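Accompanying notes for the structure given below.
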Amino acid sequence: MKPPRKVFKTTLLFLLLSHSLASVPYESQPGASSSHGQNCVGCVVVISLIEQLAEVHNSSVQVAMERLCSYLPEKLFLKPSCYFLVQTFGSDIIKLLGEAMKADVVCYALEFCKQDAVQSQCHLYSLPQEAWKSSLEKARQVLRKSSTMKYSRSGHNICSLPFFTKICQKIELSMKKAVPFKDGDSDKYSVFPTLRGYHWRGRDCNDKDKTVYPGRRPDNWDIHQDSNCNGIWGIDPKDGIPYEKKFCEGSQPKGIILLGDSAGAHFHIPPEWLTASQMSVKSFSNLPSALTDELNWPQLSGVTGFLDSTSGIEEKSIYHHLRKRNHCNHRDYQSISKNGASSRNLKNFIESLSRNQALDHPAIVIYAMIGNDVCNGRADTIPGMTTPEQMYANVMQTLKHLNSHLPNGSHVILYGLPDGTFLWDSLHNRYHPLDLCFPGQLNKDVTYAQFFSFLSCLQVSPCNGWMSSNKTLRALTSERAEQLSNILKKIATTKTFANFDLFYMDFAFHEIIEDWQKRGGQPWQLIEPVDGFHPNEVASLLLANRVWKKIQLQWPHVLGKENPFNSQIEEVFGDQGGH
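Going left to right, the sequence shown walks through residues -22 to -1, 1 to 557 as mature numbering (1 follows the signal peptide of the UniProt record, and there is no 0) numbers them.
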């Protein structure tokens, strides 16, 4: 019998990789079915990769498993967990793949996919030549004397261990509340990038003083210290005037705040994680950071992104535009967004928004719950959608909260919901990245239609309504999305608030598609290739560019003045301490 600690750790890699593929970017369903479904997806992905690595490198399954482990980082127990998985389950995997079993059959035989009335028929690959039941029975016979079947597959994870319980609880609480895990002065800002740190909101410049944080009005014009972390402080020795007063007074500094979901946070799974021929140590170097950012990349997002795009296009984030317009806005961004966020559950983490009405600058708030009010993984998806009446009540509750927290002179923009029928239309007959052993070489085993069906069967689909072969269901989902958008439009045109003005903007993804096609692109190139659901980095930045131009044209006062001292700020303070 293996030591309990190692037995628990054997599930960690499957859990982490399953979150990489099925990190439930919609509102979690009650019960354990979602967790079971994620474990199943994770197993099928890993076994598929092992098969492909063996094919690409013309190696044995044993060598392919060890090769996969060698690519993974040491952090988060990834590499040691992988090697122990090979030690524990490797012989069984070799036997099953040796019998030409498909990856999904292997995972059912190993019981990482649950054998129950709902999930017993869920499969990613085309059914084997033998009947499904007889294939499973054959696989079980292969493993009849296996010693690994006594180990729990999904009932435990590493957080069950006593010495990890407290740290796991703290991390889970941090993610649940959407506040930084490492925050020395409890001001909701951090000097650490991930775990809700400065990838999500401006980097703190003094984590030992809770009165120092991005977005506040300067304390005594920041003569002695940089109280608002914009990198501008001290006194000009030429005339004795504080730099903050000279460069920022009257420039109408404003922060940018996103209230969003996984799309706004830029949920992204790099396809090179799933392409055997492209795998290397370098491919997975960003895996620990991605996992501790919940598989989001807010530092590259269309609203609050502060890093240069990795896609090569010229368009920039809204924060980038706002900072370029006025360098006094440096570091004043917050991404209050979560996987699965919707109008229903925003109340659970909106308290993580940091704005003091008396001490801070006004802010531009973008409300962008663009999918999860109509998207869920339920088999009967429509009853799980937000109704227009619920949408009205939820959004009004949010706006009342904002009115009691935002400084006077702020602005709130409500995004509508998109028509997501383009997802199926653009992808269903294309092949998923799991189908690629070599770039451009297809096995023709897994279309997006099959992939969507597999996730739906396991009840871990990001959006059963739009990622469905049922044309009527897709149309009904879009109809509800339009109804909810009309509610947002009605609120924006009929309600007023004391501390901010209110606007509505359509989420006109069709305009982004048209723009991209004019550049010679295709609609499918705007969708995240691994999950087949989220807008990718290019789409997010094209949308940000459209939003910025519309605000400039229709509501220019929202953006504040263009600071005439920007060049002088650069001359004195350079990059203002970076991000």
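For every residue, glycine included, the Cβ atom is placed at its ideal position computed from N, Cα and C. In this text the structure is predicted, and so the values were computed from the model without any measurement.
- Message: Comparing C-alpha positions only, which one of L269, P231, K260 sits nearest to I247?
- Response: One-based indexing of the sequence shown puts residue 247 at position 269. Answer by Cα proximity: L269.
- Task: Evaluate L471 with the Cβ neighbour count: other Cβ atoms within 10 Å of its Cβ, from every protein chain shown; 16 or more gives buried, anything less gives exposed.
- Result: Residue numbering aside, residue 471 sits at position 493 when the sequence shown is read from its first letter. Sequence check: residue 471 is Thr here, not Leu. The residue in question, T471, is exposed, as its Cβ has fewer than 16 Cβ neighbours within 10 Å.
- How big is the Cα-Cα spacing for D182 and R333? What you label residue 182 is simply residue 204 of the sequence shown in a count that begins at 1. What you label residue 333 is simply residue 355 of the sequence shown in a count that begins at 1. Straight-line Cα distance between these residues: approximately 14 Å.
- Beta-carbon gap between V19 and V438 smaller than 8 Å: As a position in the sequence shown, residue 19 is number 41, starting the count at 1. As a position in the sequence shown, residue 438 is number 460, starting the count at 1. Here V19 is near V438, since their CB atoms are less than 8 Å apart.
- Task: Identify every run of the alpha helix (DSSP H) within the stretch 442 to 488, keeping only runs that are complete inside it and at least 4 residues long; order them along the chain.
- Result: 449 to 472
- Item | Spatial distance of S279 from C435 (CA atoms) | The count along the sequence shown starts at 1 and reaches residue 279 at position 301. The count along the sequence shown starts at 1 and reaches residue 435 at position 457. In a straight line, the C-alpha of S279 is about 31 Å away from that of C435.
- Message: Within a Cβ cutoff of 8 Å, which residues of the same chain sit near G133, ignoring the five residues on either side of it in sequence?
- Response: The count along the sequence shown starts at 1 and reaches residue 133 at position 155. Confidence at G133 is low in this model, with a pLDDT of 48, below 50, so its placement is unreliable and the value that follows should be read with caution. Closer than 8 Å at the Cβ level, and outside the excluded window around G133, lies no residue.
- Query: Nearest-angstrom Cα distance between G538 and E227?
  - Reply: Along the sequence shown, read from residue 1 onward, the residue named residue 538 stands at position 560. Along the sequence shown, read from residue 1 onward, the residue named residue 227 stands at position 249. The alpha-carbon atoms of G538 and E227 are separated by roughly 12 Å.
- Local Cβ density within 10 Å of T340, reported as buried at 16 or more and exposed below that: The residue you call residue 340 lines up with position 362 of the sequence shown. The sequence given here places Pro at residue 340; Thr does not occur at that position. By the 10 Å Cβ count, P340 comes out buried.
- Query: In or out: H299 buried (at least 16 other Cβ within 10 Å) or exposed?
  - Reply: Taking the sequence shown and counting its residues from 1, one reaches residue 299 at position 321. Buried: at least 16 other Cβ atoms inside 10 Å.
- Query: Which residues bound the beta strand (DSSP E) around I235?
  - Reply: The residue you call residue 235 lines up with position 257 of the sequence shown. Taken as a continuous stretch (DSSP letters only), the beta strand (DSSP E) holding I235 covers 233 to 238.
- Where does H389 fall in DSSP's three states? To locate residue 389, count along the sequence shown from 1; it is residue 411. Note: H389 maps to strand in three-state DSSP.
- Message: Could you give the first and the last residue of the continuous alpha helix (DSSP H) run that contains V39?
- Response: By 1-based counting over the sequence shown, the position of residue 39 is 61. Per DSSP, V39 belongs to the alpha helix (DSSP H) from 39 to 49.
- Query: Around the C-beta of Q554, are 16 or more other C-beta atoms found within 10 angstroms, so that it is buried, or is it exposed?
  - Reply: Position 576 of the sequence shown holds residue 554. So Q554 counts as buried.
- Task: Return the CA-CA distance between K232 and P396, expressed in angstroms with no decimal places.
- Result: Taking the first residue of the sequence shown as 1, we reach residue 232 at position 254. Taking the first residue of the sequence shown as 1, we reach residue 396 at position 418. Rounded to whole angstroms, K232 to P396 spans 28 Å at the Cα level.
- Message: Let's see if you can read the secondary structure: which residues bound the beta strand (DSSP E) around S315?
- Response: For the purposes of this step, residue 315 is taken as the residue at position 337 of the sequence shown. Note, S315: beta strand (DSSP E), 311 to 315.
- Query: Hey, is S263's beta-carbon within less than 8 Å of any beta-carbon in chain C?
  - Reply: This model lacks chain C altogether; it includes just one protein chain.
- Query: Taking the alpha carbon of D484 as the point to measure from, which residue in L454, K473, N477, A522 has its own alpha carbon closest?
  - Reply: Taking the first residue of the sequence shown as position 1, residue 484 is located at position 506. Ranking L454, K473, N477, A522 by Cα distance to D484 puts A522 first.
- Item | Whole-angstrom distance between Y482 and L(-2), CA atom to CA atom | By one-based count along the sequence shown, residue -2 stands at place 21. By one-based count along the sequence shown, residue 482 stands at place 504. Here the model assigns L(-2) a pLDDT of 43, short of 50, so the residue's position is not dependable and the matter cannot be decided.
- Item | residue 560, DSSP secondary structure in three states | This structure does not reach residue 560, given that the chain is present from -22 up to 557, and the question cannot be answered.
- Message: Within 10 Å of its beta-carbon, does A32 have 16 or more other beta-carbons around it, so buried, or fewer, so exposed?
- Response: Mapped onto the sequence shown, residue 32 falls at position 54. By the neighbour-count rule (16 or more Cβ atoms within 10 Å), A32 is buried.
- Query: Can you give the Cα-Cα distance for F159 and K148, rounded to whole angstroms?
  - Reply: As a working mapping, residue 159 is identified with position 181 in the sequence shown. As a working mapping, residue 148 is identified with position 170 in the sequence shown. Straight-line Cα distance between these residues: approximately 7 Å.
- Item | Inter-residue Cα distance where the pair is G394 and I469 | One-based indexing of the sequence shown puts residue 394 at position 416. One-based indexing of the sequence shown puts residue 469 at position 491. Computed Cα separation, rounded: 12 Å.
- Query: If T359 and G443 are in contact, beta carbons under 8 Å, what's the gap, nearest whole angstrom?
  - Reply: Taking the sequence shown and counting its residues from 1, one reaches residue 359 at position 381. Taking the sequence shown and counting its residues from 1, one reaches residue 443 at position 465. Going by Cβ atoms, the distance from T359 to G443 rounds to 5 Å, so yes, they are a contact pair.
- Task: Compute the Euclidean distance between the alpha carbons of L414 and V424, then round it to the nearest angstrom.
- Result: The residue given as residue 414 occupies position 436 in the sequence shown. The residue given as residue 424 occupies position 446 in the sequence shown. Between L414 and V424, the C-alpha separation is close to 9 Å.
- Where are the alpha helix (DSSP H) runs, 4 residues long or more, that stay fully inside the stretch 278 to 361, in chain order? For the stretch 278 to 361, whole alpha helix (DSSP H) runs of length 4 or above, ordered along the chain, are 296 to 303.
- Which residue spans inside the stretch 13 to 92 form an unbroken alpha helix (DSSP H) run of at least 4? 39 to 49, 56 to 76, 81 to 87
- Query: How many whole angstroms separate the CB atoms of I314 and S330, which I take to be in contact at a CB cut-off of 8 Å?
  - Reply: Position 336 of the sequence shown, counted from the start, is the residue given in the question as residue 314. Position 352 of the sequence shown, counted from the start, is the residue given in the question as residue 330. Contact flag correct, Cβ pair sits at about 6 Å.
- 8 Å Cβ cutoff met for G398 and S456: In the sequence shown, counting from the first residue as 1, residue 398 sits at position 420. In the sequence shown, counting from the first residue as 1, residue 456 sits at position 478. Closer than 8 Å, so yes.
- Of the listed residues L504, L285, N323, nearest to K154 (C-alpha basis): Residue 154 sits at position 176 when you count from the first residue of the sequence shown. Here the closest residue by C-alpha is N323.
- Task: Check whether the Cβ atoms of A319 and G238 sit closer than 8 Å, and answer yes or no.
- Result: Here residue 319 is taken as the residue at index 341 of the sequence shown, counted from 1. Here residue 238 is taken as the residue at index 260 of the sequence shown, counted from 1. Yes. Within cutoff.
- Query: Touch check for the stretch 514 to 534 and the stretch 248 to 259: three-plus C-beta pairs under 8 Å?
  - Reply: no
- Indicate whether W502 and S404 have their beta-carbon atoms separated by less than 8 Å. As a working note, residue 502 is residue 524 in the sequence shown. As a working note, residue 404 is residue 426 in the sequence shown. Yes; because the gap between Cβ atoms is below 8 Å, this pair is in contact.
- Identify the residues that DSSP records as bridge partners of Y409: which are they? Against the sequence shown, residue 409 aligns to sequence position 431. T425, per the DSSP bridge assignment.
- What span of residues does the alpha helix (DSSP H) with T376 cover, start to end? If you number the sequence shown from 1, residue 376 lands on position 398. It spans 366 to 381 - the alpha helix (DSSP H) in which T376 sits, taken as one unbroken run.
- Item | K224 versus V352: straight-line alpha-carbon distance, rounded | On the sequence shown, residue 224 is found 246 positions in, with the first residue counted as 1. On the sequence shown, residue 352 is found 374 positions in, with the first residue counted as 1. Answer to the nearest angstrom: the Cα atoms are 49 Å apart.
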